[in-house]
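Report on the structure given below.
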Amino acid sequence: MNTVGYDVLKRRTAYLSVISNTVLVILKLCVGLYVGAMSLISEAMHSGVDLIAALIAFWAVRKAMIPPDQKYDYGYGKYENLSSAIEAVLIVIAAIMIVYETCDKFRANPQIQDLEYGIAIMFIAIVINLLVSRRLIYVARKTDSQALEADGLHLRSDVWTSVGVLIGLCGIHILGWYWLDPIVAIAVAVIIFRAGYKMIVKSTKDLTDASLSAEYEKRIANIFMKHDEVLGYHNLRTRSAGAYKMIDAHINFDCGMSLGAVHKVCDAIELEIKKTLGATVDVVIHPEPVERVSKTTCKINFNNNAENNEDGKNEQNRLQKR
180 MNTVGYDVLK RRTAYLSVIS NTVLVILKLC VGLYVGAMSL ISEAMHSGVD LIAALIAFWA
240 VRKAMIPPDQ KYDYGYGKYE NLSSAIEAVL IVIAAIMIVY ETCDKFRANP QIQDLEYGIA
300 IMFIAIVINL LVSRRLIYVA RKTDSQALEA DGLHLRSDVW TSVGVLIGLC GIHILGWYWL
360 DPIVAIAVAV IIFRAGYKMI VKSTKDLTDA SLSAEYEKRI ANIFMKHDEV LGYHNLRTRS
420 AGAYKMIDAH INFDCGMSLG AVHKVCDAIE LEIKKTLGAT VDVVIHPEPV ERVSKTTCKI
480 NFNNNAENNE DGKNEQNRLQ KR
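The letter at position 50 of the sequence shown is residue 229 when you use my numbering, and the numbering goes up by one with no holes.
Structure (structure tokens):
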């Protein structure tokens, strides 16, 4: 599938998340207020955050589709990273609000009634969130969309919190354990807070241009060295912006090769990297002339050879340690 096809798929999937979360917020909130169970109301608040997150993800996915222009040479991919960070902050705020509201309701000693409706709604919510989260994560990994991945993982965590709420409601309904309601609500808040914290850590790394994973960098290095004309490399640098990955490196070539031959090898390397990592990859290669001795032994053909040899050694050590 080409980039345009991926964009359409991402937009439709984000729209699906918005619809499902809208329906669940309305159902959970109405039934939660009627039943009077704080655990169910906390789930409604959680779904409300999910809806806001889905709307942000939908906006970010559409924004990230805008092609590079004079204002943004590298495109708008960072909007996906930004949306993930905003979602994470909202999740943490929701967790704090749930704890506050639960303590407030517990002191007021509210009456709980007609739990059958709450149990039915939670079962429906579990099924919907399970199906939608699986779709979101599948499309996110297929298109390398961080916004959809954050939304999908968020909904997947909702499945487990919903299961906890369902068990709590069943315990109250069958055994009369009304003390379960605030405990389950606070447990939901803890799970939500943990998910938000993890998302904050990940989105912060992406927004501050952290390198791609060690696995990605090793795959890139292997592609370099598969070509017989490549005598070595150094200064490999990687980063990402949403689904887009940026890669640049200095690659050593025999100083006797023509510029045309070097350019042909660089094109082949770029094409192979894009086939391996996906179409949304920007590769910049800086070729450097060296005096060929062997595949693994070469002599830099300019004044700062000691510095570049040291860079090459450091590059290999960095990849081995990661």
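A virtual CB, placed ideally from N, CA and C, is assigned to each residue, including glycine. Please read these numbers as outputs of a predicted model, since none were measured by experiment.
Just reading off the alpha helix (DSSP H) that residue i is part of, what are its end residues?
i, result
"Gly-127", "Given that the chain is displayed from residue 180 to residue 501, the structure contains no residue 127 and the question cannot be resolved."
"Thr-383", "359-386"
Three-state secondary structure (DSSP) at residue i?
i, result
"Ile-235", "helix"
"Thr-476", "Unreliable positioning characterises Thr-476 in this predicted model, as indicated by a pLDDT of 44, which lies under 50. The coordinate reading is nonetheless provided below. In this structure, Thr-476 counts as coil in the three-state DSSP scheme."
"Tyr-194", "helix"
"Leu-391", "coil"
"Gly-211", "helix"
"Lys-250", "coil"
"Ala-267", "helix"
"Ile-205", "helix"
"Tyr-255", "coil"
"Ala-440", "helix"
"Met-404", "helix"
"Met-217", "helix"
"Ile-245", "coil"
"Ile-275", "helix"
"Ile-291", "coil"
"Leu-230", "helix"
"Asn-483", "In this prediction, Asn-483 scores a pLDDT of 43, lower than 50, which makes its location untrustworthy; no coordinate-derived value is stated."
Leaving out the 5 sequence neighbours to the left and right, which residues in its chain are closer than 6 Å to residue i when beta-carbon positions are compared?
i, result
"Glu-449", "Val-462"
"Ser-324", "Lys-189, Ala-422"
"Leu-261", "none"
"Ala-274", "Ala-368, Ile-371, Phe-372"
"Asp-186", "Met-244"
"Thr-459", "Ala-422, Tyr-423"
"Met-425", "Arg-418, Asp-461"
"Ala-239", "Tyr-258, Glu-259, Ser-262, Ala-326"
"Ser-312", "Gly-331, Leu-334, Arg-335"
For the beta strand (DSSP E) that contains residue i, what are its first and last residues?
i, result
"Leu-294", "Where Leu-294 is concerned, there is no enclosing beta strand (DSSP E), although the alpha helix (DSSP H) it sits in stretches over 294-322."
Within the same chain, show all residues whose beta-carbon is closer than 7 Å to that of residue i, passing over the 5 residues directly before and after it, in chain order.
i, result
"Thr-281", "Met-217, Ser-221, Pro-361, Ala-364, Ile-365"
"Lys-207", "Leu-219, Glu-222, Ala-223, Ser-226, Ile-300, Ala-304"
"Val-278", "Ile-365, Ala-368"
"Lys-242", "Tyr-255, Tyr-258"
"Glu-451", "Ile-402"
"Leu-203", "Ser-226, Ala-304, Ile-307"
"Thr-322", "Tyr-185, Leu-188, Lys-189, Ala-422"
"Thr-476", "Legend: pLDDT at Thr-476 = 44, less than 50; position of this residue unreliable, no value from coordinates given."
"Asn-200", "Ser-226, Asp-229, Leu-230, Ala-233"
"Arg-314", "Thr-192, Leu-195"
"Thr-455", "Arg-398, Ile-402"
"Pro-247", "Tyr-253, Gly-254"
"Ser-437", "none"
"Tyr-251", "none"
"Gly-343", "Val-363, Ala-366, Val-367"
Looking at the strands, I want to know which residues DSSP matches up with residue i.
i, result
"Thr-417", "Ile-426"
"His-465", "His-429"
"Val-460", "Lys-424"
"Leu-411", "Per the sequence presented here, residue 411 reads as Gly, with Leu not at that position. According to DSSP, which records beta bridges pairwise, Gly-411 is partnered with Asn-431."
With a cut-off of 8 Å on the beta carbons, I'd call residue i and residue j a contact; round off their distance for me.
i, j, result
"Val-338", "Leu-309", "5 Å"
"Asp-385", "Ala-236", "At roughly 15 Å, the Cβ-Cβ gap does not stay under 8 Å, so Asp-385 and Ala-236 are not in contact."
"Glu-266", "His-333", "7 Å"
"Leu-269", "Ile-231", "6 Å"
"Ala-326", "Ser-263", "6 Å"
"Ala-233", "Val-271", "Not quite, the Cβ-Cβ distance comes to about 17 Å (not below 8 Å), so this is no contact."
"Phe-302", "Leu-345", "6 Å"
"Leu-348", "Ile-298", "5 Å"
Can you give me the Cβ contacts of residue i inside the same chain, cut-off strictly under 8 Å, excluding the 5 residues immediately before and after it?
i, result
"Trp-356", "Gly-350"
"Tyr-296", "Val-210, Tyr-213, Val-214"
"Ala-374", "Ile-270, Leu-332, His-333, Ser-336"
"Gly-457", "Asp-323, Ala-422, Lys-424"
"Cys-445", "Ile-430, Ile-464, Pro-466"
"His-352", "Leu-294, Glu-295, Ile-298"
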